[in-house]
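Colleague: Numbering (the UniProt record's numbering), first residue to last: 1 to 232. Idealized CB from N, CA, C, for every residue including glycine. The structure that follows is given in the form of structure tokens.
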């Protein structure tokens, strides 16, 4: 079963400092058919204007992953953590029993383009925690690179849920395959470019829910960047 979530069908908000597309119900956007996929609860594609951002706000019992597509994002939280997340880095914040944080674009000239991803943790009431790791897709073009996992893996942030999250940069004509074990599910998000998933054409912003498909094949129609979630 392959269900496509087209880019133009996502929820959309645009205000003076923020433009955001929601693959699943979020905030004031509600779609009863799109409440998440397995433990994947949120994929928001955001553009934040220079010097602007999200003021301090709370989270609880959620695994939050920030993936930068262009620019950088400054993070501060109630744990005392302060960092700037750059392109080529991934951040994981476990909200657990409660955390407050802010996210701002530190640039005075360039918008930051990012994906914010929320996963429902397998355990509630965890101690709040933060992790940031560097990865380099440019060193492994045309390959899936594990960037977040419930297992301890170098250059992958540790998440408290049975999920493996991969990223890949593809050049036009590149072809990659992924075997999906029985009783596992997947979501593919096209972050840049155009790809063909099995025999389905996808473009930037499209997402795909996948079940009962033993093999996923992705062929790049143009230079592209994708995320692949392997979910329990």
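Would you list the one or two residues that DSSP bridges to residue 184?
Modeller: According to DSSP, which records beta bridges pairwise, residue 184 is partnered with nothing at all.
Colleague: What whole-angstrom Cβ distance do residue 246 and residue 107 have, given they're in contact under 8 angstroms?
Modeller: With the chain covering 1 to 232 only, the question about residue 246 has no answer from this structure.
Colleague: Less than 7 angstroms between C-beta atoms, sequence neighbours within five positions excluded: which residues of the same chain meet that for residue 100?
Modeller: Hits under 7 angstroms: 56, 57, 58, 77 and 78.
Colleague: Looking at the secondary structure, which residues open and close the beta strand (DSSP E) in which residue 38 lies?
Modeller: First-last for residue 38: undefined, no H or E at that position.
Colleague: If you measure between the beta carbons of residue 228 and residue 178, is that distance less than 8 angstroms?
Modeller: In this structure, residue 178 lies closer than 8 angstroms to residue 228 by Cβ.
Colleague: Following the continuous beta strand (DSSP E) through residue 229, name the residue where it begins and the one where it ends.
Modeller: Run containing residue 229: 224-231, per the beta strand (DSSP E) assignment.
Colleague: For residue 133 and residue 214, what's the separation of their Cα atoms in angstroms?
Modeller: Approximately 30 angstroms between the Cα atoms of the pair.
Colleague: Using the three-state DSSP reduction, which class does residue 78 fall into: helix, strand or coil?
Modeller: Reduced to three states, the DSSP call for residue 78 is coil.
Colleague: Ends of the beta strand (DSSP E) at residue 195?
Modeller: Residue 195 -> beta strand (DSSP E) spans 194-197.
Colleague: Under 8 angstroms by Cβ, that's how I've got residue 60 and residue 95 pegged, so tell me the actual separation to the nearest angstrom.
Modeller: With 8 angstroms as the limit, residue 60 and residue 95 qualify as a contact, their Cβ atoms being about 5 angstroms apart.
Colleague: Residues in its own chain within less than 8 angstroms of residue 162 by CB, not counting five upstream and five downstream?
Modeller: Excluding residues within five positions, the ones whose Cβ falls inside 8 angstroms are 39, 122, 150, 231 and 232.
Colleague: According to the neighbour-count rule (16 or more other Cβ atoms, all chains shown, within 10 Å of its Cβ), is residue 80 buried or exposed?
Modeller: By the 10 Å Cβ count, residue 80 comes out exposed.
Colleague: Select from 198, 176 and 182 the residue whose C-alpha is nearest the C-alpha of residue 225.
Modeller: For the residues 198, 176 and 182, the minimum Cα distance to residue 225 belongs to 176.
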